[in-house]
Amino acid sequence: MKNAVNFFGVMAIFIGSLVYVSCNKKTECKVNVKCVDASTGTGVSGANVKLYAPVKTAGGGTVEADVKAEGTTDSYGVVSFTFKLPAIFNIKAQKTSDSLIGTGIVTLEEGKTVETTVQMKHQ
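Count along the sequence shown from 1, then add 8; that gives the number in the working numbering.
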């Protein structure tokens, strides 16, 4: 009888843990942006990368939404961002000292890490 109680106790804890884990799914959206020099194919370190969402105004203009992020690429030409919810962002990458600029668009997916590459060209 004591073994049966222990067995059902362990099973209850197991099922409770399983339900808890399945209800707490990861909703973070991550993106790794790699900036490469279009002429050489190598990563561009020190590039300023901006993610932003353009929104049309009632007057027909465009403004940037409040949700945006900026960062600088590492020695491999990569910068990473994390958001709480999925979104579609425009990307603008710029390295003024080398006169490089590039643009792109990225769609963030719930619970996933998205990899995207921006081709940067000389102005």
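Note that CB positions come from ideal geometry on N, CA and C, so glycine has one too.
Here the structure is a predicted model, which means the values were calculated and not measured.
Inset, instruction - Quick one: grab the DSSP three-state call for P47. - result: The residue you asked about is not Pro; residue 47 is Ser in the sequence shown. In this structure, S47 counts as coil in the three-state DSSP scheme.
Inset, instruction - Kindly identify the DSSP beta-bridge partner or partners of V57. - result: According to DSSP, residue pairing for V57 in a beta bridge involves G79, A101.
Legend entry - Inter-residue Cα distance where the pair is L93 and G112: Using only the alpha carbons, I get a separation of about 20 Å.
Inset, instruction - Under the assumption that T81 contacts G54 (Cβ atoms under 8 Å), give the Cβ distance between them as a whole number of angstroms. - result: Approximately 6 Å separates the beta-carbon atoms of T81 and G54; this is inside 8 Å, confirming the contact.
Legend entry - Contacts around S88, its chain only, beta-carbon distance under 8 Å, and the 5 residues preceding and following it disregarded: Hits under 8 Å: K38, V39, N40, V41, G79.
Legend entry - Sequence-distant residues of the same chain with beta carbon closer than 8 Å to T65, five excluded per side: The answer, listed in chain order, is V71.
Inset, instruction - Give the straight-line distance between the Cα atoms of F91 and V75, rounded to the nearest whole angstrom. - result: Roughly 9 Å between the two C-alpha positions.
Inset, instruction - May I ask you to list the residues that DSSP assigns as paired with L108? - result: Paired residue(s): K103, H130.
Legend entry - A101 versus G49, L59, Y84, T50, residue with shortest Cα-Cα distance: Comparing Cα positions, the closest option is L59.
Legend entry - Cα-Cα separation between V44 and Q127, rounded to whole angstroms: Going by C-alpha positions, V44 is about 5 Å away from Q127.
Inset, instruction - List the endpoints of the continuous beta strand (DSSP E) containing K92. - result: No beta strand (DSSP E) holds K92; DSSP gives it neither H nor E.
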